[in-house]
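Each residue of the sequence shown is one higher than the one before, counting from 3 in the numbering used here.
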Amino acid sequence: ESPPAFKPLKGYYQAAQDYLAWLDRKGYLSLPNAFGNVKLPSSKRLKQNIDVVHLEDNEIQQILDSITNQELKDITLIAAYTGCRIEEIIQLETHNILKIDNRLVLEITDAKSKAGNRQVPVHRKIESIVQKYNLEGYLFSGSEGKHGTRSDKHSKAFGRIKSKLGFGRDKVFHSLRKSFITKLDRLDAARARIQSIVGHEQGDLVGDVYSGGITMGEKARIIDLIVYDIDMDSTRLESQEKEPN
């Protein structure tokens, strides 16, 4: 059985403390109140671990159709076609957009791990999207979070939209990264190649220490094989109505 959430548990704790204090005032409590030394576990510790799962193509289309902010639509598409995390996308600056072998490439430099710092070829389907933001400074607007992140605004907006559509806690923005990896997996791409593209440590001496990794051309070839059943025409908005903060 699942443990109670932090807020209800805190309420039960306070109610028990109040009752014992009342018993003590009335003289009904003959034993020391040992309950006062009990410490609640943190809300983070009580929070259940949710296994995030990938989004199917029709689910991504549903979400895209419900987004009324062009920037968030574009960020969602970039995540689906590159496997980048939302913070990796929001941290992109103009100098992180490279041209290598006549191919547009995203350079991730502030990832969660050393392996996460990588260069990801831009899928042909979203080249025009990336190019239109390639002006100066950060590509996308951001809002500073408590841990120095910039993606809070867009992450919360995405969360509200997917929740309104009835998606549970196992389907979040990070599910787009899972969708990308699932596509690669179903293409029978070698595991080492998938790890190199999405920035996962390979966990072996050859892959992590001695290998120079796959070429940019090979990465691009693999990424271009990914196909989503998405209506790209429906992802462009005529208006620029903003999502509420």
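Positions of the beta carbon are idealized from the N, C-alpha and C atoms, including for glycine.
Contact annotation: Q133 and I102 have beta-carbon atoms that are not nearer than 9 Å. When secondary structure is reduced to three states using DSSP, Y140 falls in the strand class. Rounded to the nearest whole angstrom, the C-alpha separation of I199 and K221 is 7 Å.
Collapsing the DSSP output to three states places K101 in a strand.
No Cβ-Cβ contact shorter than 9 Å links G170 with G118. Secondary structure at V200: helix, using DSSP grouped into helix, strand and coil.
The beta carbon of K173 is closer than 8 Å to those of V54, V55, L57, E61, K164 in its chain, skipping five residues each way along the sequence.
If the five residues before and after S177 are omitted, its C-beta is found closer than 7 Å to the C-beta atoms of V54, V55, H56, L57, all from its own chain and listed in chain order. The C-alpha of N51 is placed about 28 Å away from the C-alpha of A18. For V132, the enclosing alpha helix (DSSP H) begins and ends at 129-135. In the displayed model, P34 falls within coil according to three-state DSSP, outside both helix and strand. Taking 8 Å as the upper bound for CB-CB distance, K75 and L239 are in contact here, some 7 Å apart. Across the set D59, D26, H97, the C-alpha of D59 shows the shortest separation from the C-alpha of Y230.
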